[in-house]
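S.K.: In the numbering used here, the protein residues as written are 247 to 450. Dropping a structure here in structure tokens format, bear with me for questions.
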Amino acid sequence: MSARFKSLKSLPRDLLFILVMSATLFVARASLADHYVVPSGSMEPTVAVGDHVCVNKLAYGLRVPESEVYVLPASGPARGDVVVLDSPSDGQVLLKRVVAVPGDPVAVNGGRLTLDGVEIATNVTSFDALVEHLGQHTHAVSLDFGGGPDLAGTVIPADRYLVLGDNRGNSRDGRYFGLVARGAILGRAEAVCIHDGRPVWRGL
């Protein structure tokens with residue numbers, strides 16, 4: 247049997263292997279884990295423009311690839327989680343912080359959060375950074391561009407979340423496009439994994 251005939255005979259098997267591997271990678275990226283390249287400064291100083299962020303797409307359950315349907319739902323996003331989501335206004339993928347969850351009475355004034363009538367605690371570090379304490383997360387917030395638009399007091403309905411950028415005066419977020427459905431949240435950002443072109447692991 248000639249080498250050429252063997253090559254032709256093995257082509258379908260090789261093609262099947264490539265198709266199976268491609269499908270596996272597609273499902274893994276769509277449903278398990280992915281990375282996101284930050285295009286804007288809306289989450290500064292927490293995340294910089296050009297940073298690569300590792301995203302856990304199983305954090306809130308297993309989804310059908312390329313859909314908003316959860317096959318195996320888990321607990322929803324928590325206050326303070328940094329998440330990747332589809333924008334309700336134009337479908338762009340965004341990186342924002344969850345600041346209010348279903349049932350929360352929330353308001354935003356001058357970039358500062360009030361939950362259930364109590365302003366979320368902040369303090370200024372020795373490096374003149376403003377730090378916010380939200381849920382289990384302590385993170386930096388920037389008001390260098392002001393606080394952005396205010397949000398009148400509202401109660402978050404079921405299956406909806408309010409997301410904001412940490413750079414409160416330079417973020418197009420839930421104050422512009424409204425509350426986000428759980429199905430539009432693609433996963434939880436776990437860490438910055440590339441910064442300034444170098445591998446790092448900085449938890450979010």
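For glycine and all other residues, C-beta sits at the position ideal for the given N, C-alpha and C.
Could you tell me which uninterrupted beta strand (DSSP E) segments, each at least 3 residues in length, are contained entirely in the stretch 306 to 357, listed from first to last along the chain?
M.R.: Positions of the beta strand (DSSP E) runs, each at least 3 residues long and wholly inside the stretch 306 to 357, are given as 307 to 309, 316 to 319, 328 to 332, 339 to 346, 351 to 355 in order along the chain.
S.K.: Could you have a look at R418 and say whether DSSP puts it in helix, strand or coil?
M.R.: Within the sequence shown, residue 418 is the residue found at index 172, counting from 1. Correct three-state label for R418: coil.
S.K.: By the three-class DSSP mapping on this structure, what secondary structure does A435 have?
M.R.: In the sequence shown, counting from the first residue as 1, residue 435 sits at position 189. In this structure, A435 counts as strand in the three-state DSSP scheme.
S.K.: Reducing DSSP to helix, strand and coil, say where G399 ends up.
M.R.: The residue labelled residue 399 in the question sits at position 153 within the sequence shown. The answer is strand: DSSP assigns G399 an E or B state.
S.K.: For the beta strand (DSSP E) holding T371, just list the boundary residues, first then last.
M.R.: Sequence index remark: in the sequence shown, residue 371 carries index 125 (1-based). Careful: T371 lies outside any beta strand (DSSP E) and carries neither H nor E.
S.K.: Run through the DSSP bridge pairs and tell me what L380 is partnered with.
M.R.: The residue you call residue 380 lines up with position 134 of the sequence shown. According to DSSP, which records beta bridges pairwise, L380 is partnered with H383.
S.K.: Considering just the uninterrupted stretch of the beta strand (DSSP E) at P445, what are its terminal residues?
M.R.: Counting from 1 along the sequence shown, the entry for residue 445 is found at position 199. First-last of the beta strand (DSSP E) with P445: 444 to 449.
S.K.: In angstroms with no decimal places, state the Cα-to-Cα distance between V310 and D280.
M.R.: In the sequence shown, residue 310 corresponds to position 64, counting from 1. In the sequence shown, residue 280 corresponds to position 34, counting from 1. Approximately 15 Å, taken between the alpha carbons.
S.K.: Name the residue from G356, L432, A435, G307 whose alpha carbon lies nearest to the alpha carbon of N413.
M.R.: Your numbering for residue 413 matches position 167 in the sequence shown. Answer by Cα proximity: G356.
S.K.: Looking at C-beta atoms only, is the number of pairs between the stretch 385 to 396 and the stretch 341 to 357 that lie closer than 8 Å three or more?
M.R.: In short, these stretches touch, since the Cβ pair count reaches three.
S.K.: Helix or strand or just coil, what does DSSP make of A427?
M.R.: Counted from its first residue, the sequence shown places residue 427 at position 181. In this structure, A427 counts as strand in the three-state DSSP scheme.
S.K.: What does a CB cutoff of less than 8 Å around A269 pick up in its chain, not counting 5 residues either side in sequence?
M.R.: Locating residue 269 in the sequence shown gives position 23, where the first residue counts as 1. Low confidence applies to A269: its pLDDT is 38, below 50, so where it sits in the model is not reliable, and the reading given next is rough at best. If the five residues before and after A269 are omitted, its C-beta is found closer than 8 Å to no C-beta atom of its own chain.
S.K.: Quick one: is E378 buried, meaning 16 or more other Cβ sit within 10 Å of its Cβ, or exposed?
M.R.: By one-based count along the sequence shown, residue 378 stands at place 132. Result: buried.
S.K.: If I measure Cβ to Cβ from P334 and keep anything under 7 Å in the same chain, skipping five residues before and after, which residues do I get?
M.R.: Your numbering for residue 334 matches position 88 in the sequence shown. Contacts found: F423, G424, V426, A430.
S.K.: Pull up the CB-CB distance for G287 and N416, whole angstroms please, since I reckon it's below 8 Å.
M.R.: On the sequence shown, position 41 is the one that residue 287 refers to. On the sequence shown, position 170 is the one that residue 416 refers to. So it is a contact: roughly 6 Å between Cβ atoms.
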